[in-house]
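Chains as they are written, first to last, in the numbering used here: chain A, 1435 to 1714; chain B, 1435 to 1714.
From the three backbone atoms N, C-alpha and C, an ideal C-beta is built for every residue, glycine too.
Before any comments, here is the structure.
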């Protein structure tokens, strides 16, 4: 940790990974990180399972593509992400398929890497759809990493729908909660914002923190996506939103850790101080 | 409890109570309940502190207007609300200033009354603004009352911003969470829905239940209101929304308890089953 809290820029890169094409995806992700950094980003968020694609066939498929993330055994994906993060002087949060240290378990994980290496690995705790057939659920809370200029929390997709989990990241000190997601497309009533984005806004509001959700695009094995990446501010209003098209796009948003650390609400209230943990 | 779960109609009556004019407010609220019932409502939600108004001067003012709610000692407000509910054959949720059984404590409460009497009294647990100077915070969880056709939970205003509290009502079996609110007006970015309404939507979505929030209108002691009453469905999308004007208005929405009791999300997920309570 070096430096003190200061405003910075977050990029959310809503790209279109290709199923099973890890090398091509790494090229794509590296290019995105470089471009985001060139645009001024210091924290870059990429989608869930961005290195492998999402619609994996079965556990064997997931395991074949999964890679260790830590130490000398770290796979090519983490090394590539860490290298480009170091070169560009940014922190990167990216969803990957993680092979457990025992070489057996497989996790839908997200890593946070920067010039100092792998700063955190988070294993998705709330699994969606067919994921329980492919992945082992995580059992540890969202990490919160102090980058010096900001503290960054990490969750993955469906985790966002469990307020205790999001709240744990906030109580753990996250200024910015990064959420790699893959939101499958669903019907949305006319004139409404997709409910996944609404849930991100409320998560930001009730916790008084920034939430940066990076969705994906690009139909994969018949699945379309919301394409609803969003960065919400501590007041719950979006700082940047994707246009819900199927095109790749990059959102940039300024975040100020001081705003997230000030949990006051008006003159007399405080989001943390007003909690009644003895009753929960 | 009689009857089995079936669809029904909820009314949210966004009225303009007048500060300190309890008798006039009771006339207004009785008329609203009658009209809502005539329009087909079986459950009628009224605003926070609808009998007294919100901007009370100090604790003496609040205490002077507060009334006991239970048994033979019940004050005129609860008796009036219970009587009109019985006459109309509906259940009514209404915010009132409650005088505690000891004649000392004062609470920002909501009652649920119907033909059977006072079915529940809930004391707001998360106090807003100057309320701690006026009211004693509640210490018991949101009640869930089985009306036969639906199970109804109750919270008040700022409680909605504490997801554990809302979740407690959902886990307690609420099909419809009723929330009398008084949302003070605040700046809203162009094109955005007020964040209080967004938070209601997300509360409905992540818990898979209906949430019916009844706001108020009518400037009071210099305070304006959002006028953002909303009924959100278990998918998080609004079934009815107020138009954010300062005019009184009544929202009607059909609710189906079967939809709230089915916590499945797609074919393989379940909002309750997917929780990881051992980790929270």
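With a Cβ-Cβ cutoff of 8 Å, do residue 1508 of chain A and residue 1528 of chain A count as a contact?
Position 74 of the first chain, counted from the first residue, corresponds to residue 1508 of chain A. Position 94 of the first chain, counted from the first residue, corresponds to residue 1528 of chain A. Not a contact, by the Cβ cut-off of 8 Å.
To be precise: take each residue of the stretch 1595 to 1611 of chain A, compare its Cβ to all Cβ atoms of chain B, and keep it if any distance is under 7 Å. Which residues remain?
Cβ proximity to chain B below 7 Å picks out 1595, 1596, 1597, 1598, 1601 from the stretch 1595 to 1611 of chain A.
What are the boundary residues of the alpha helix (DSSP H) that includes residue 1568 of chain B?
Within the second chain, residue 1568 of chain B is the residue found at index 134, counting from 1. Unbroken alpha helix (DSSP H) run through residue 1568 of chain B: 1565 to 1568.
Please list, in chain order, the residues of the stretch 1639 to 1673 of chain A that have any C-beta partner in chain B closer than 7 Å.
1639, 1640, 1669, 1670, 1671
Just checking, does the stretch 1590 to 1598 of chain B make contact with the stretch 1446 to 1463 of chain B on the three C-beta pairs under 8 Å criterion?
no
Anything in chain A within Cβ reach of residue 1555 of chain B, meaning under 7 Å, just list it in chain order.
Here residue 1555 of chain B is taken as the residue at index 121 of the second chain, counted from 1. The premise fails here: residue 1555 of chain B is roughly 17 Å from chain A at the closest Cβ pair, so nothing lies under 7 Å.
Would you please verify whether the beta carbon of residue 1707 of chain A is less than 8 Å from any beta carbon of chain B?
The count along the first chain starts at 1 and reaches residue 1707 of chain A at position 273. Taking Cβ atoms only, chain B never reaches closer than 8 Å to residue 1707 of chain A, which makes this a no.
Residue 1633 of chain A CB to nearest chain B CB: under 8 Å?
In the first chain, residue 1633 of chain A corresponds to position 199, counting from 1. Between residue 1633 of chain A and chain B, the shortest Cβ-Cβ separation is below 8 Å.
Considering only the beta carbon of each residue, do residue 1552 of chain B and residue 1579 of chain B sit closer than 8 Å?
Your numbering for residue 1552 of chain B matches position 118 in the second chain. Your numbering for residue 1579 of chain B matches position 145 in the second chain. Cβ distance not < 8 Å, so residue 1552 of chain B and residue 1579 of chain B don't count as in contact.
What whole-angstrom Cβ distance do residue 1645 of chain B and residue 1636 of chain A have, given they're in contact under 8 Å?
Looking up residue 1645 of chain B in the second chain gives position 211. Looking up residue 1636 of chain A in the first chain gives position 202. Contact doesn't hold; Cβ gap of about 12 Å is too wide.
Starting from residue 1541 of chain B and walking both ways along the beta strand (DSSP E), at which residues does that stretch end?
The residue you call residue 1541 of chain B lines up with position 107 of the second chain. Run containing residue 1541 of chain B: 1540 to 1548, per the beta strand (DSSP E) assignment.
Let me make sure I understand the geometry here. Which of B/1627, B/1628, B/1624, B/1639 has the alpha-carbon closest to that of residue 1716 of chain A?
Shown here, chain A extends from 1435 to 1714; a query on residue 1716 of chain A therefore has no answer.
If the cut-off is 9 Å on Cβ atoms, which residues from the stretch 1682 to 1703 of chain A count as contacting chain B, listed in chain order?
1699, 1700, 1701, 1702, 1703
Any contact of the stretch 1644 to 1664 of chain B with the stretch 1674 to 1682 of chain B, i.e. 3+ C-beta pairs under 8 Å?
yes
Could you confirm whether any beta carbon from chain A is found closer than 8 Å to the beta carbon of residue 1539 of chain B?
The residue given as residue 1539 of chain B occupies position 105 in the second chain. Judged by the 8 Å Cβ criterion, residue 1539 of chain B is not in contact with chain A.
Residues near residue 1697 of chain B in its chain [Cβ-Cβ closer than 6 Å; skip 5 each side]:
If you number the second chain from 1, residue 1697 of chain B lands on position 263. Excluding positions up to five away in sequence, the list reads 1642, 1704, 1705, 1706.
Just checking: is the beta-carbon of residue 1568 of chain B within a distance shorter than 8 Å of some beta-carbon in chain A?
Mapped onto the second chain, residue 1568 of chain B falls at position 134. No, because no Cβ of chain A sits closer than 8 Å to the Cβ of residue 1568 of chain B.
Below-8 Å beta-carbon distance, residue 1575 of chain A vs any chain B residue
On the first chain, residue 1575 of chain A is found 141 positions in, with the first residue counted as 1. At least one chain B Cβ lies under 8 Å of residue 1575 of chain A.
How about residue 1563 of chain B and residue 1577 of chain B: do their beta carbons lie closer than 8 Å?
In the second chain, residue 1563 of chain B corresponds to position 129, counting from 1. In the second chain, residue 1577 of chain B corresponds to position 143, counting from 1. Going by C-beta atoms, residue 1563 of chain B is not nearer than 8 Å to residue 1577 of chain B.
Using the beta-carbon count (16 or more within 10 Å), is residue 1523 of chain B buried or exposed?
Along the second chain, one-based indexing puts residue 1523 of chain B at 89. Its Cβ having fewer than 16 others within 10 Å, residue 1523 of chain B is exposed.
Inter-stretch contact (C-beta, 8 Å, three-pair minimum) for the stretch 1606 to 1618 of chain A and the stretch 1648 to 1657 of chain A:
yes
Once DSSP output is grouped into helix, strand and coil, what is the label at residue 1531 of chain B?
On the second chain, residue 1531 of chain B is found 97 positions in, with the first residue counted as 1. Reduced to three states, the DSSP call for residue 1531 of chain B is strand.
Does the beta carbon of residue 1623 of chain B come closer than 8 Å to any beta carbon on chain A?
Position 189 of the second chain, counting from 1, holds the residue named residue 1623 of chain B. Chain A contact via Cβ: present.
Measure the Cβ-Cβ separation of residue 1655 of chain B and residue 1568 of chain B and say whether it is below 8 Å.
Working through the second chain from its first residue, we reach residue 1655 of chain B at position 221. Working through the second chain from its first residue, we reach residue 1568 of chain B at position 134. Against a cut-off of 8 Å, the Cβ pair of residue 1568 of chain B and residue 1655 of chain B comes out as no contact.
Which chain A residues are close to residue 1560 of chain B, counting only those with a beta carbon under 7 Å from its beta carbon?
Here residue 1560 of chain B corresponds to residue number 126 of the second chain, with the count starting at 1. Ordered by position in chain A, the residues that pass the 7 Å Cβ test against residue 1560 of chain B are 1708, 1710.
Rounded to whole angstroms, what is the Cα-Cα separation between residue 1664 of chain B and residue 1450 of chain B?
For the purposes of this step, residue 1664 of chain B is taken as residue 230 along the second chain, with counting starting at 1. For the purposes of this step, residue 1450 of chain B is taken as residue 16 along the second chain, with counting starting at 1. Residue 1664 of chain B and residue 1450 of chain B: Cα-Cα distance of roughly 16 Å.
Give the interface partners of residue 1409 of chain B over in chain A, defined as CB-CB distance under 8 Å, in chain order.
There is no way to answer for residue 1409 of chain B, as the model of chain B reaches only from 1435 to 1714.
Per-residue contacts from residue 1587 of chain B into chain A (C-beta, under 7 Å)
The count along the second chain starts at 1 and reaches residue 1587 of chain B at position 153. Correct list: empty, because the minimum Cβ distance to chain A is about 15 Å.
Got a sec: is the Cβ-Cβ distance from residue 1523 of chain B to anything in chain A below 8 Å?
As a working note, residue 1523 of chain B is residue 89 in the second chain. Chain A, which has no Cβ nearer than 8 Å to the Cβ of residue 1523 of chain B, makes this no.
Which stretch, first to last residue, makes up the alpha helix (DSSP H) that contains residue 1591 of chain A?
For the purposes of this step, residue 1591 of chain A is identified with residue 157 of the first chain, where counting begins at 1. Looking at the DSSP string, residue 1591 of chain A is not in any alpha helix (DSSP H), and its letter there is neither H nor E.
Counting only beta-carbon atoms, is residue 1452 of chain B nearer than 8 Å to chain A?
Here residue 1452 of chain B is taken as the residue at index 18 of the second chain, counted from 1. It does not; no Cβ of chain A falls within 8 Å.
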